[in-house]
Structures are given as C-alpha cells and as structure tokens.
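Below: one structure, written as structure tokens.
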Amino acid sequence: MLNIIWLLLLASGIIVAAVNGNIEVVTQAALSSARGAVKVCFDLIGIMALWLGIMKIAEKAGMIQGLARLMKPLIRRLFPTIPPDHPAMGAVILNLSANMLGLGNAATPFGMKAMQELQQLNKKSDEASEAMCTFLALNTSCITLVPATIIGVRVSFASANPTEIVGPCIFATAIAMTIAITLDYWFRRYSPWRRIP
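Below, the structure written as structure tokens:
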C-alpha cells in the first residue's frame with residue numbers, strides 16, 4: 202500500500218511538472234537529492250561507527266546486563282503471561298535495554314528472537330498474543346537515552362550543538378513509552394473490543 206502511495210505522489214509530481222513545462226526541474230531535483238543522500242550517508246558513517254563502538258564497549262563492560270537486571274521487576278509486571286525463566290523474557294529485556302542505549306543493530310536480533318520465543322508461547326498461532334502486542338508497543342516507543350542516529354544526522358548538517366537533542370529526545374521517548382504502556386494496559390483490561398478468554 203505504501204508503495205502505491207509513493208508511486209502516486211511521484212507520478213502526480215511528474216505529470217504536474219510536465220503540464221507546466223518544468224520537467225527539467227524534476228530531473229534536477231532527483232539528481233541533487235540523490236547526491237545529497239549519498240553525502241549524508243558518508244557523513245553518518247564516521248559518527249555511527251564512533252557511537253556504535255562506544256556502545257559496544259558499554260555492552261562488553263556489562264552495562265546492558267546491568268540495565269537488564271534493573272528492568273527485570275518492571276518487565277515481569279508488563280508481561281505476566283511469560284514465565285520468569287523462559288528465554289522470551291531474556292530476549293525482551295535485552296532488546297529493550299539495547300534500544301534504551303541506542304544500540305539499534307544489537308536490538309534488532311534480540312527483538313526477532315523475542316518475537317520467536319513469544320510465538321512459541323502463543324496458543325493461537327495465527328493471532329498475536331497480548332505479550333506480543335505489548336512487546337511491539339514497547340519496542341517501537343522505547344525510551345532512548347543516547348539518540349546516536351539523530352546526533353549523527355545533526356553533525357552531518359553542521360549543527361552548532363548536535364547533542365542538544367539528547368534531553369528533548371529522552372523526554373519525548375519517555376512520554377511515548379508511558380502512553381504506549383498506559384494504552385496497552387487499558388486495551389487489556391477495559392477495552393470494549395477485547396476478547397474474553
């Protein structure tokens with residue numbers, strides 16, 4: 202569906218430019234945007250390598266495991282259907298810990314593993330379980346303590362203070378995660394659309 206929307210937007214832009222006799226503007230914009238995208242990617246390589254290196258050191262030093270230990274009591278309350286010693290619990294904790302520290306590359310495999318483990322606990326295999334929905338909500342709205350990608354983009358565009366986004370990012374992601382947890386709880390307990398087991 203998204204591909205169709207993008208195709209319609211591009212086609213309508215090209216048609217309007219052709220009707221107005223400005224088709225060369227479309228070509229120039231496409232080429233300059235492609236050039237700009239490659240430049241931003243090259244600028245991000247160094248910044249991302251630095252941040253991922255720092256985060257890898259933090260991971261090896263046990264920072265993620267420490268954060269996981271701190272999160273375990275809260276995660277147990279958020280996922281009451283997961284047995285405490287099940288591998289899904291460990292994968293969920295590691296994914297959320299990696300997301301909080303900005304380790305997007307490390308968080309993805311943990312997230313996939315968590316969903317696989319949650320699917321094994323799911324009795325209705327053709328529908329997402331409550332735990333899977335909760336995990337998805339938390340994974341997409343997780344608080345970010347180190348927004349490395351945003352900092353990298355700001356550096357690539359020569360921002361005077363690229364790290365000033367850290368405070369607002371922590372605030373915004375904390376609010377997003379709070380709303381996600383609240384809505385997940387409401388849908389589980391009080392929603393008129395919930396299924397009664």
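Reminder that position 77 of the sequence shown reads as 278 in our numbering, one-by-one numbering, no gaps. The beta carbon of each residue, even a glycine, is placed where N, CA and C say it ideally should be.
Asked	Found
C-beta contact flag for Pro-288 and Lys-257 at 9 Å	no
Cα-Cα separation between Arg-221 and Ile-215, rounded to whole angstroms	Sequence inspection shows Asn at residue 221; the Arg mentioned does not correspond to that position. When rounded, the distance between both Cα atoms is 10 Å.
Nearest-angstrom Cα separation, counted from Glu-331 out to Trp-387	12 Å
Residue from Ile-352, Pro-348 and Ser-342 whose Cα sits closest to the Cα of Ile-404	With the chain represented from 202 up to 398, any question about residue 404 goes unanswered, as that position is not in the structure.
Ala-373 versus Ile-382: straight-line alpha-carbon distance, rounded	14 Å
Leu-302 vs Leu-337 beta-carbon contact at 9 Å	no
Candidates Phe-358, Glu-365 and Gly-368, of which the one nearest Gly-237 by Cα	Phe-358
Host alpha helix (DSSP H) of Ile-344 (start-end)	Element bounds for Ile-344: n/a, residue is neither H nor E.
Chain-order list of residues whose beta-carbon lies under 7 Å from that of Pro-399 (same chain, five-residue window excluded)	This structure cannot settle anything about residue 399, because the visible part of the chain is limited to 202 through 398.
Cβ neighbour criterion (16 or more within 10 Å) applied to Thr-228	exposed
First and last residue of the uninterrupted alpha helix (DSSP H) at Ala-289	288-301
Cα-Cα separation between Ala-219 and Met-202, rounded to whole angstroms	26 Å
Sequence ranges, alpha helix (DSSP H) only - wholly within the segment 253-285, length at least 4	264-279
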